[in-house]
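In the numbering used here, the protein residues as written are 346 to 774. Glycine is no exception: its CB is placed at the ideal position from the N, C-alpha and C atoms. Source: prediction; values computed, not measured. These notes concern the structure reproduced below.
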Ligand code: UD1
């Protein structure tokens, strides 16, 4: 298994271009299932989760063509399968998103139950409840969610909790339902808005995306469209934190700063000077050590849970004591144990991490446990006094486009080593 080796001690300096958002690209690709006309999607990031989605769509019968710029044409005119198998769903929970489009267009769908994952139980009850409210018959058999409906009916759905993929799944299904669907307590994440924009280009009648009430007037069929995926706000935030923790000077390009408002406020509190433009954010620390900040995750527009691990890391080398409270997921602090192995001073109090900054972290072998936790360990490696060897980096490849290249471009010393080579190197040391 490949490992990442990060040698700390460099101040990051320079510019990095932000890729398309994973969490926007996945639903938009899956939206191709809603039409028999081709969908052209640009600004797709080069990530494992995209490959998994393409494999899943390919198995369903979607024809996919990808060009050298990572633009994809998806043609679902010949879908013959309606099942998302366990092997794919277990590696990518977002596979659940095929349920709505398949059910709405073909009247049937089967998706493996996702099961547990490293950041909590993450159930899909809200998706199922929504489809049932729209008239689908849903059963669980042999570990699969099986859904059937002649034609979905529009209805009023009040989501018990704010769910990003839950909102997306129901919104996609509602575009082809009979009548009007109103989703209340909908997720307001920019990725939901991006999907709504793509669906509208395909002819869908959607109002209110970006607010907590989305209204969809169902129509008989959708057409093809061309769509550019929005920038990845979490990738942008991660590189800005990398700049902040190394006392560096980092500019992220190709990203709308409004997507990151809650994160930018915290970076300013941490002492960063920020210059924000139409499509770039420039962070300057000028060799200063960040100040500890208090952060509480919650659905958009509040501070994103996908930036939580990175801010635990920031606080772990900051001046003072800061708290990071996780309210979205029940078990998302696996990175804390790894940071403690690197010398971080973190005390867990329920769902709050209380972190007192130390001047330097110590390099150590560490294990990535989930996608954002692995980014936090790479950032920790940037400020550690010796090499940090990160194992299980397949997590990082699920969600960060060319992370070694981008960090190296900013001056970091980081390299990827195949597992067997590393063992040989250690044996001769
Ligand atoms: C999406 C993002 C993920 C991000 C998360 C929260 C994608 C592909 N992934 O995940 O990166 O961390 O939003 O911003 O877009 N819940 C239920 N029942 C359900 C659905 C969710 O109880 O049926 C709970 C979850 O366990 C969690 C909370 O609702 O506690 C929010 O989860 P949700 O917004 O659904 O996360 P995802 O859409 O899976």
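- Counting the other Cβ atoms within 10 Å of the Cβ of residue 728 gives 16 or more, which makes it buried.
- The Cβ atoms of residue 581 and residue 597 lie closer than 7 Å to each other.
- As for any alpha helix (DSSP H) of minimum length 4 sitting wholly inside the segment 496-536, the runs are 509-519, ordered along the chain.
- Each of 719, 725 and 696 was checked against the Cα of residue 708, and the nearest Cα belongs to 725.
- Distance from the CA atom of residue 561 to the CA atom of residue 748, rounded to whole angstroms, is 38 Å.
- The segment 606-614 makes no contact with the segment 490-509; the number of CB pairs closer than 8 Å stays below 3.
- The beta carbon of residue 718 sits closer than 6 Å to the beta carbons of 654, 679 and 680 from its chain, once the five residues preceding and following it are set aside; these are given in chain order.
- Residue 591 sits in coil when the DSSP states are folded into three classes, being neither helix nor strand.
- Distance from the CA of residue 350 to the CA of residue 720, rounded to the nearest whole angstrom, comes to 13 Å.
- Counting only the Cα atoms, residue 386 lies some 18 Å from residue 744.
- In the DSSP assignment, residue 628 falls within the unbroken beta strand (DSSP E) covering 625-629.
- Only residues of its own chain outside the window of five on either side were considered, and among them 353, 354, 705, 706, 707 and 708 have a CB closer than 8 Å to the CB of residue 730, listed in chain order.
- Nearest C-alpha to residue 429 among 380, 593, 489 and 716: 489.
- Secondary structure at residue 426: coil, using DSSP grouped into helix, strand and coil.
- With a threshold of 6 Å, the Cβ atom of residue 459 does not count as near ligand 1, since no heavy atom of the ligand is closer than that.
- Here DSSP, grouped into helix, strand and coil, assigns residue 710 to strand.
- Using a 10 angstroms sphere on the CB of residue 472, the tally of other CB atoms reaches 16 or more, which defines it as buried.
- Taking 3 residues as the minimum length, the beta strand (DSSP E) runs contained wholly in the segment 611-658 are 618-621 and 625-629, in order along the chain.
- Here the distance from the Cβ of residue 727 to the nearest heavy atom of ligand 1 is not below 6 Å.
- Secondary structure at residue 453: strand, using DSSP grouped into helix, strand and coil.
- Relative to the Cα of residue 522, the nearest Cα in the group 692, 375, 371 and 450 belongs to 450.
- Under the three-state reduction of DSSP output, residue 415 falls in the coil class, being neither helix nor strand.
- Looking at the DSSP output, residue 352 shares a beta bridge with 732 and 758.
- A straight-line Cα-Cα distance of about 32 Å links residue 741 and residue 485.
- Beta bridge pairing from DSSP links residue 685 with no other residue.
- At a cut-off of 6 Å, the beta-carbon of residue 508 counts as near ligand 1: some heavy atom of the ligand is closer than that.
- In the structure shown, the three-state DSSP call for residue 549 is coil.
- At the C-beta level, residue 390 and residue 746 come within 7 Å of one another.
- Taken through DSSP and simplified to helix, strand or coil, residue 580 comes out as helix.
- Checking the DSSP bridge columns, you'll see residue 691 partnered with 700.
- The segment 578-595 makes no contact with the segment 541-553; the number of CB pairs closer than 8 Å stays below 3.
- When secondary structure is reduced to three states using DSSP, residue 562 falls in the strand class.
- Annotation for residue 740: the continuous alpha helix (DSSP H) segment containing it runs 739-744.
- One thing to note: residue 399 has its Cβ no nearer than 7 Å to the Cβ of residue 445.
- Excluding five sequence positions before and after residue 367, the CB atoms of its chain that fall closer than 7 Å to its own CB belong to 390, 392, 394, 577 and 744, given in chain order.
- The residue among 519, 415 and 458 with its C-alpha nearest the C-alpha of residue 431 is 458.
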